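Those letters in the sequence shown? Residues 117 to 822, per our numbering, in order.
Beta carbons: idealized from backbone N, C-alpha and C, even for Gly.
Only a predicted model underlies this, so the values are computations on that prediction, with no experimental measurement involved.
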Amino acid sequence: MSPERLPRAPATVAGTPTHCPYCALQCGMTVGGSPVRVEPRTDVPANRGGLCQKGWTAAELLTVPDRLTTPLMRAHLGAPLEPCTWEEALERITAEITRLQERHGPDAVGVFGGGGLTNEKAYQLGKFARIALRTSQIDYNGRFCMSSAAAALNRAFGLDRGLPGPITDLARADAILLAGGNPAETMPPFMRHLTQMRERGGALIVVDPRRTATARQADLHLQPSPGTDLALANGLLHVAIEEGFLDEAFIAERTSGFEAVRVSVNAYWPERVERITGVPVPHQREAVRLLGRGARALILTARGAEQHAHGTDTVTAFINLALALGLPGREGGGYGCLTGQGNGQGGREHGQKADQLPGYRRIDDPAARAHVAAVWGVDPGIIPGPGRSAFELLEALGTEHGPKALLLFGSNPVVSAPRSRRIEERLNSLEFLAVSDFVLSETARRADVVLPTTQWAEESGTLTNLEGRVLRRRRAVDPPPGVRSDLQILAELAGRLGAPGTWSADPAEVFDELRAASAGGPADYSGITYERIDAEGGVFWPCPSPDHPGTPRPFLERFHTPDGRARFVPVDYGGVAERIDADYPVYLTTGRVLAHYQSGAQTRRIAPLVERAPEPFAEMHPDLAARLGVREGALVRVSSRRGSVVVRACLVETIRHDTVFIPFHWAGEGRANLLTNPALDPLSRMPEFKVCAVRVEPYERNGAAQ
Ligand SMILES: Nc1nc2c(c(=O)[nH]1)N[C@H]1C(S)=C(S)[C@@H](COP(=O)(O)OP(=O)(O)OC[C@H]3O[C@@H](n4cnc5c(=O)[nH]c(N)nc54)[C@H](O)[C@@H]3O)O[C@H]1N2
Ligand SMILES: Nc1nc2c(c(=O)[nH]1)N[C@H]1C(S)=C(S)[C@@H](COP(=O)(O)OP(=O)(O)OC[C@H]3O[C@@H](n4cnc5c(=O)[nH]c(N)nc54)[C@H](O)[C@@H]3O)O[C@H]1N2
Ligand code: SF4
Ligand SMILES: [Mo]
């Protein structure tokens, strides 16, 4: 069913204004009625009355038949998960933590969080790890999401903010280049901002190995081979220099380091870039002219360009281009990344990252430690140092020097982590796993204790959307009896563990503490209150005091580096981590479809979404399929050096001949992450989800071709 054909709710659902449970667009919706329904809000700029099919069906998430409403526990290894009381579940967790930490030290317990958690939960989870568990071993799924853009933004601008300004700026742009994003499926209401821009004469350039629904709406589609964006971006800068599009005044006044970049892109002449990327020279020149001709242009990246073993350098190459054209100095222009999860932005600011304290502070900075310790009421000496990044943490589980127990909130790594068979083995080797979730995800299924938690419309808190705007999630319905919020769970466990400090389960109180902890840090929330968010329709961080208006466009006047200048950084293309060869002759890339969200734990439980996208598939070009002897709809086996999957072939003219695409939303034999390559970016520790080498064969059962 298309989103348009879904029944429209009556004009007004009397209910509570809140936001969608899923992606970073955080579309405004009203939740209410009986049975509970959702309806789009028109007062939220991001969606102005629009929702995608996931949003329209979000109310069904509240009543999925297998909703968890009682804690579950396994009596011993191999025993089934069985209902238990909260007292039993929390006591067991406390006992296991105590036992393992006594034997192996504080780092024996790890914590894994998620970018869908509210700011309050993310903050409390980081605090819980550091001073209730005293473990350094905490990280979260955002490492798999925006970490490369975050690392590149910090390096160039000194601050990691998704979009450089309000989303309504997009409609006023003269040109937008979007590298590796497919918002027509991943954030459908976002498209109206791009459409408005085009209606006003602005040009849309999309860079994607597939001619996606987004690329089809573009004025220019560049279709590079996966993993070659860095060479393309360097090439575009080469052309921009050659054709005289540099903003010399901006470069001189607001940046440093351009000379080294100018020299480094000498080697990226258009014909060479065409050979590397497959993007024809005239398309390269056209892209530069569209970007260079207007005053306000934006360069945006999303996961397609970022989820690479050289993701940070790739984003840096696009930032170099934006800086050379002077875009960040113009209102409505600049560089931005599309954040992904509901709280993709806020979730990366308040301390669930391995190297971070709240307010985007560094955990190895003595002044930051002293400030946060004072807010927490502890000695700075008890706060551990930096821990392992997400994939490295998961990979270390159950090993000699790794954590023996894991507490997991808001992620489903059995489906979403790269090389997921290995991660499954690591999870199985743990002495103890506890998962908080509202459904029995593939990861929760493996836990020793499962805690049933409240979900979006049953709780309140704040989330920071892709614009950097802090929004209120409001409680619209009562949670089912028996479930508790993540904040309640953390407060209970902290009490049982004898943790220092105060542990409120009230989001408003936790937010006030977060404000104090973030004060003076790069992501300063201290001037933001629930009341202000309500009155102002959200507040943009940084917002350092109650009378500060918030910061919609943080880079317009100066950058957040010590000298206030943006830094050019020369970057070189070194190829993808795993090249195609005779054994694995095709590139695999992975990503998303409209109907499903992430690991699918939520959306695979909602009938209209399952109906729209029932099973995994491999998109491939008919010419490739013909060479392989594969027919439309036939089963194929796709194998990499790490594993193989069996999925249905879906033949489309819109993909490159050398590439197949498999969405990652499904578990079991069609799990894309059985194939993916966990080669990590040296700076961001992002895995190379977006390209690896595979072999595709017709799937033969009992010797007979299907
Ligand atoms: N329906 C839906 N929406 C979502 C989500 C979801 O799971 N489902 N998840 C949310 C989250 S957390 C995120 S992070 C965002 C992600 O949002 P997007 O980044 O838009 O999503 P993806 O499908 O992962 O990747 C986008 C595109 O990158 C292309 N691509 C693959 N390899 C390359 C490459 O090497 N270079 C370039 N230039 N492009 C490449 C793919 O063909 C794909 O079309 O979506 C959010 N919204
Ligand atoms: N091959 C491939 N793999 C990828 C990607 C890709 O493009 N390709 N993309 C990566 C990206 S960008 C991302 S963001 C990750 C996401 O992948 P995951 O981290 O697995 O994300 P979700 O499926 O959203 O998992 C969230 C889980 O937490 C639960 N949950 C939701 N809200 C809450 C809450 O408030 N509290 C608690 N306790 N639980 C909650 C949900 O029910 C669900 O089970 O996947 C990554 N994996
Ligand atoms: S675009 Fe994102 S926030 Fe908006 S309705 Fe869809 S999933 Fe929800
Ligand atoms: Mo993401």
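- In this chain, the beta strand (DSSP E) harbouring ALA291 covers 291-295.
- For VAL776, the CB contacts under 8 Å within the same chain, skipping 5 residues up- and downstream, are VAL702, TYR703, LEU704, THR705, ALA734, GLU735, MET736, LEU740, VAL754, VAL810, VAL812 in chain order.
- For PRO181, the distance from the CB to the nearest heavy atom of ligand 2 is not below 7 Å.
- The continuous alpha helix (DSSP H) containing GLY171 extends over residues 169-172.
- Fewer than three Cβ pairs drawn from the segment 665-679 and the segment 299-308 lie within less than 8 Å of each other, which leaves the two stretches out of contact.
- Remark: the shortest separation between the CB of LYS237 and any heavy atom of ligand 2 falls under 7 Å.
- An exposed status is given to PRO196, since fewer than 16 other beta-carbon atoms sit within 10 Å of its beta-carbon.
- Rounded to whole angstroms, the separation of the alpha carbons of LEU524 and PHE228 is 5 Å.
- Non-local C-beta neighbours of THR432 in its own chain, meaning closer than 6 Å and more than five positions away in sequence, comprise ALA268, VAL685, VAL687, ordered along the chain.
- SER661 counts as exposed, since fewer than 16 other beta carbons sit within 10 angstroms of its beta carbon.
- Between ILE415 and TYR451, the C-beta gap is smaller than 8 Å, which places the two residues in contact.
- Judged by DSSP secondary structure, GLU212 falls within the alpha helix (DSSP H) whose first and last residues are 202-220.
- In this model, TYR476 and HIS466 are separated by some 6 Å (Cα to Cα).
- Ligand 2 approaches ARG419 closely enough that one of its heavy atoms is under 7 Å from the residue's Cβ.
- Contact annotation: the segment 516-523 touches the segment 544-555, with at least three C-beta pairs closer than 8 Å.
- With a 10 Å radius around the Cβ and a threshold of 16 neighbouring Cβ atoms, ASN382 comes out exposed.
- Take the alpha-carbon of ARG153 and the one of TYR138: they are about 16 Å apart.
- Take THR428, set aside five residues on each side of it, and the residues of its chain with a beta-carbon closer than 7 Å to its own are SER264, ALA267, ALA268, ASP797, LEU799, SER800, in chain order.
- Per DSSP, VAL566 lies in no alpha helix (DSSP H) segment; the continuous beta strand (DSSP E) that holds it begins and ends at 565-568.
- When the beta-carbon positions are compared, GLU236 and LEU513 stay at least 8 Å from each other.
- In this structure, the straight-line span from the alpha carbon of THR417 to that of PRO444 is close to 15 Å.
- The C-beta of LEU193 has fewer than 16 other C-beta atoms within 10 Å across all chains shown, which makes the residue exposed.
- In terms of Cβ geometry, ILE771 and PRO398 do not form a close pair [threshold 8 Å].
- When rounded, the separation of the alpha-carbon atoms in LYS243 and ALA470 is 12 Å.
- Looking at the DSSP output, THR706 bridges to ILE778.
- In the structure shown, GLU735 adopts extended strand secondary structure according to DSSP, grouped into three states.
- For LYS469, the Cβ stays outside the 7 Å cut-off from all heavy atoms of ligand 1.
- When rounded, the separation of the alpha-carbon atoms in ALA413 and ARG720 is 38 Å.
- Cα atoms of ALA440 and ARG681: separation of roughly 13 Å, rounded to the nearest angstrom.
- Counting along the chain, the unbroken beta strand (DSSP E) around VAL225 starts and ends at 225-229.
- For ILE367, the enclosing alpha helix (DSSP H) starts and ends at 364-370.
- Less than 8 Å divides the Cβ of VAL692 from the Cβ of GLY343.
- Runs of the alpha helix (DSSP H) spanning 4 or more residues and lying entirely within the segment 296-357 occur at 299-302, 307-315, in chain order.
- In this structure, the straight-line span from the alpha carbon of ALA205 to that of ILE605 is close to 11 Å.
- Leaving aside the five residues that flank THR185 on each side, the residues in its chain whose CB is nearer than 8 Å to its CB run, in chain order, PRO568, PRO596, PRO597, GLY598, VAL599.
- With 6 Å as the limit between CB and the heavy atoms of ligand 3, the residues that fall short of it are CYS136, TYR138, CYS139, LEU141, GLN142, CYS143, ASN163, LEU167, CYS168, LYS170, GLY171, MET303, PRO304, PRO305.
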